[in-house]
Amino acid sequence: MITTADFHSGLRPVPVARDTLHYRRSATEALRELAEARAVAELLELSHAMWCGPVCASTSGCGYLHYPRREPPPGIPRSRRSPYNKDTADLFFLMGGGGYAAGTAKTHERDLWPVLREAAAQADAGEGARIDYTDWGRKNDTTAADIAMYTCRDTLQWAANWCGERYADQPAFLHYVGVSTVCDDLCIPPLDLVQGRFRMYGRTVGDIISALDDQGWGHDAVHALLALVRQYLFQYAEKLDFVSGRERSSMHSRLNDSAGVWDAVIYHTYSGNPYGCLLGVARLWDAGPCSNTWLTDAAICDGISMDLCKSAMGIYQLDLYQPTADEHRAQQRQTAYQSVYLDLIDDLVASGAPDALVHYAHAGFLFVQTQERYHERRIGHRIPLRPALTAHLSNIFGDEPVDPFVEQRFQAQRTSRTPLVATAFPTGPTGLGTSAARLTAHEPRLH
Ligand SMILES: [Zn+2]
1 MITTADFHSG LRPVPVARDT LHYRRSATEA LRELAEARAV AELLELSHAM
51 WCGPVCASTS GCGYLHYPRR EPPPGIPRSR RSPYNKDTAD LFFLMGGGGY
101 AAGTAKTHER DLWPVLREAA AQADAGEGAR IDYTDWGRKN DTTAADIAMY
151 TCRDTLQWAA NWCGERYADQ PAFLHYVGVS TVCDDLCIPP LDLVQGRFRM
201 YGRTVGDIIS ALDDQGWGHD AVHALLALVR QYLFQYAEKL DFVSGRERSS
251 MHSRLNDSAG VWDAVIYHTY SGNPYGCLLG VARLWDAGPC SNTWLTDAAI
301 CDGISMDLCK SAMGIYQLDL YQPTADEHRA QQRQTAYQSV YLDLIDDLVA
351 SGAPDALVHY AHAGFLFVQT QERYHERRIG HRIPLRPALT AHLSNIFGDE
401 PVDPFVEQRF QAQRTSRTPL VATAFPTGPT GLGTSAARLT AHEPRLH
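Residue numbering for the sequence shown is 1 to 447, as defined by UniProt numbering.
What follows is the structure, encoded as structure tokens:
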């Protein structure tokens, strides 16, 4: 029997994710095995084997790097239908205003295995030295400590937008979201994560995973760990691929070179890790057990609802890796991208997904507007922390965001070269927040 005290201490015996992993031991033991990897390629294969087991042929049917989706069967709705839906979408000027297109494909066209294996081989050949501990936030931060601190501010605000006043009930969940956010803005080698060389506010990923094990996460913690490792591999791959001055990422150009958006949707979902973060949110709300379709669909929608709102505010247009970008099919891909969202958000409700998951799925409409992170991207610098947030950060995370080792590597990269990533020129769908005058003023630079 679950007591109220158990509930609030996070001791939840009910898992959220289905027990589908090949790996049978604890997350702490899984991390110990992953830390044995001596190369990025080995880490990719080890983490994959824990997820799928030896029977997986490593093709586009592999559920670790891909998402072979099965439409969920109808159920009894447990949540109200989202007001922004298939029947209302054409009223709004989101993602270029294309509205809803029925029959948008949700199947892979590309195999992500060669893409990830190629990136791992590059990393193992020493190319990581170019990007390790470089700044990708594009907010003029001068220290790695600031980058880590601001990503933890973002973490608290996301958690509040996902969970309301209970956002800080489980500090280990917040520590997990923090380490899952920082790799977007600071390039962290995946081996430094699993081997404990990277610490955030003094905590290694081992400390965080061990806390999840102590709180009874069971195989949910293994899901969370493997999703985090996958995220670090995806993040590292796209940063390795980036070459300053090249107009488009070659890797994302390959993924986007079709009418379908599913490959790009899944890449963005796995590189952002909303799946891992959702496990904590769903556990907090005792939403389990949930099907893989519910969890992954809600994770996908969390990312797309963010991009839909970003498109309206002129922030999506600044992103380096737009899942819709393509020289010839941008408009078609923008419509397909929002249509994937509209299909999945309706499926979540119609199949009876818990309300916590449905809320998470359209939370992008809330957090993009209310969090400094997104406005800072547009203005290109930080909005100073308010005293209340500084106090929360100190209580929940600590006072030293990164170790001297990380700061030294960051400063060495900073002084040895011009910034890898310049502020991007706005391209992509025109949204309400992007005044035509602002875009026109920059237009001559295009030619
Ligand atoms: Zn597999």
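Note that CB positions come from ideal geometry on N, CA and C, so glycine has one too.
Computed from a prediction, not measured in an experiment: that's the story for all the values here.
Beta carbon of Ser311 nearer than 8 Å to that of Thr28:
Mapped onto the sequence shown, residue 311 falls at position 311. Mapped onto the sequence shown, residue 28 falls at position 28. Contact flag unset, no.
Rounded to whole angstroms, what is the Cα-Cα separation between Arg445 and Thr427?
Counting from 1 along the sequence shown, the entry for residue 445 is found at position 445. Counting from 1 along the sequence shown, the entry for residue 427 is found at position 427. A caution first: Arg445 carries a pLDDT of 44, below 50, which makes its placement in the model unreliable, though a value can still be read off. Computed Cα separation, rounded: 12 Å.
Roughly how many angstroms lie between the CA atoms of Leu439 and Leu318, to the nearest whole one?
Indexing the sequence shown from 1 puts residue 439 at position 439. Indexing the sequence shown from 1 puts residue 318 at position 318. Low confidence applies to Leu439: its pLDDT is 45, below 50, so where it sits in the model is not reliable, and the reading given next is rough at best. Taken atom to atom, the span from the alpha-carbon of Leu439 to that of Leu318 is near 12 Å.
Go through its chain and collect everything with a Cβ distance to Thr269's Cβ below 8 Å, but skip five positions before and after it.
The count along the sequence shown starts at 1 and reaches residue 269 at position 269. The residues are Tyr67, Tyr275, Thr296, Ala299, Ile300, Gly303.
Helix, strand or coil at Arg12 according to DSSP, with G and I counted as helix:
Taking the first residue of the sequence shown as position 1, residue 12 is located at position 12. Annotation note: pLDDT 48 at Arg12 (below 50); position unreliable, coordinate value reported separately. Residue state, collapsed to three classes: coil.
For Gly260 and Glu376, which I take to be in contact (beta-carbon distance under 8 Å), what is that distance rounded to the nearest angstrom?
The residue labelled residue 260 in the question sits at position 260 within the sequence shown. The residue labelled residue 376 in the question sits at position 376 within the sequence shown. Taking C-beta atoms under 8 Å as the contact rule, Gly260 and Glu376 fail to qualify, at a distance of about 33 Å.
What residue range does the alpha helix (DSSP H) around Gly303 cover?
Numbered from its first residue, the sequence shown carries residue 303 at position 303. From DSSP, the alpha helix (DSSP H) with Gly303 extends over 292–313.
What does the shell around ligand 3 hold, if a residue joins when its beta-carbon is under 5 Å from any heavy atom?
Ligands in the displayed structure: ligand 1; ligand 3 is not one of them.
Let me know if Asn395 comes out buried or exposed under the rule of 16 or more other beta-carbons within 10 Å of its beta-carbon.
Position 395 of the sequence shown holds residue 395. Asn395 comes out exposed.
DSSP three-state assignment for Asp346, whether helix, strand or coil:
Your numbering for residue 346 matches position 346 in the sequence shown. Helix at Asp346.
Excluding the 5 residues flanking Ser79 on each side, which residues of the same chain have their C-beta closer than 6 Å to its C-beta?
What you label residue 79 is simply residue 79 of the sequence shown in a count that begins at 1. Only residues of its own chain outside the window of five on either side were considered, and among them Val349, Asp355, Val358 have a CB closer than 6 Å to the CB of Ser79, listed in chain order.
For Thr335, count neighbouring C-beta atoms within 10 Å of its own C-beta (all shown protein chains included) and say buried if the count is 16 or more, exposed if not.
As a working note, residue 335 is residue 335 in the sequence shown. Buried, by the Cβ-count rule.
Where His328 falls, given that 16 or more other Cβ within 10 Å makes a residue buried:
Indexing the sequence shown from 1 puts residue 328 at position 328. Exposed, by the Cβ-count rule.
With a threshold of 8 Å on Cβ separation, who are the neighbours of His447 within its own chain once the five nearest residues in sequence on each side are excluded?
The residue you call residue 447 lines up with position 447 of the sequence shown. The pLDDT assigned to His447 is 38, lower than 50, so where the model puts this residue is not dependable, and the model offers no usable value.
Could you tell me if Ala436 is buried or exposed, where buried requires 16 or more neighbouring beta carbons within 10 angstroms of its beta carbon?
Within the sequence shown, residue 436 is the residue found at index 436, counting from 1. For Ala436, the predicted structure reports a pLDDT of 42, less than 50, and the residue's modelled location is therefore unreliable. The matter cannot be settled from this model.
What are the partner residues of Val402, as DSSP defines its beta bridges?
Reading the sequence shown from its first residue, position 402 is the one you call residue 402. In the DSSP output, where bridge partners are listed per residue, Val402 has Met200.
Select from His219, Arg130, Leu284 the residue whose C-alpha is nearest the C-alpha of Leu174.
Here residue 174 refers to the residue found at position 174 when the sequence shown is read from its first residue. Considering only alpha carbons, the answer is Leu284.
The alpha helix (DSSP H) spanning Ile396 covers which residue range?
Here residue 396 corresponds to residue number 396 of the sequence shown, with the count starting at 1. Note, Ile396: alpha helix (DSSP H), 387–396.
Looking only at its own chain, which residues have a Cβ that is under 6 Å from the Cβ of Phe365, when we skip the five neighbours before and after it?
For the purposes of this step, residue 365 is taken as the residue at position 365 of the sequence shown. Within the same chain, Ser305, Cys309 come within 6 Å of Phe365 by CB-CB distance, once the 5 residues on both sides are set aside.
When we look at the beta-carbon of His8 and count the other beta-carbons within 10 Å, is it buried (16 or more) or exposed?
Sequence index remark: in the sequence shown, residue 8 carries index 8 (1-based). Caution is warranted here: a pLDDT of 45 is assigned to His8, below 50, making its placement in the model unreliable, and the coordinate value is therefore given only provisionally. Label assigned to His8: exposed.
Taking the continuous alpha helix (DSSP H) assigned at Pro384, which residues delimit it?
Looking up residue 384 in the sequence shown gives position 384. Note, Pro384: premise wrong, no alpha helix (DSSP H); not H, not E.
Between the CA atoms of Gly128 and Ser351 - distance to the nearest angstrom:
Walking along the sequence shown from the start, residue 351 turns up at place 351. Walking along the sequence shown from the start, residue 128 turns up at place 128. Going from the Cα of Ser351 to the Cα of Gly128 covers about 44 Å.
Report yes if the C-beta distance between Trp162 and Lys239 is below 8 Å; otherwise report no.
Taking the sequence shown and counting its residues from 1, the one referred to as residue 162 is at position 162. Taking the sequence shown and counting its residues from 1, the one referred to as residue 239 is at position 239. No; because the gap between Cβ atoms is not below 8 Å, this pair is not in contact.
Residues of its chain near Ile188, where Cβ-Cβ distance is below 6 Å and the 5 sequence neighbours each way are ignored:
Within the sequence shown, numbered from 1, the residue matching residue 188 stands at position 188. Counting only Cβ-Cβ distances below 6 Å, and skipping sequence neighbours, we find Phe198.
Can you find a CB in chain C that lies within less than 8 Å of the CB of Leu226?
Among the chains in the structure shown there is no chain C, since it carries only a single protein chain.
Return the CA-CA distance between Asp286 and Arg386, expressed in angstroms with no decimal places.
Taking the sequence shown and counting its residues from 1, the one referred to as residue 286 is at position 286. Taking the sequence shown and counting its residues from 1, the one referred to as residue 386 is at position 386. The alpha-carbon atoms of Asp286 and Arg386 are separated by roughly 32 Å.
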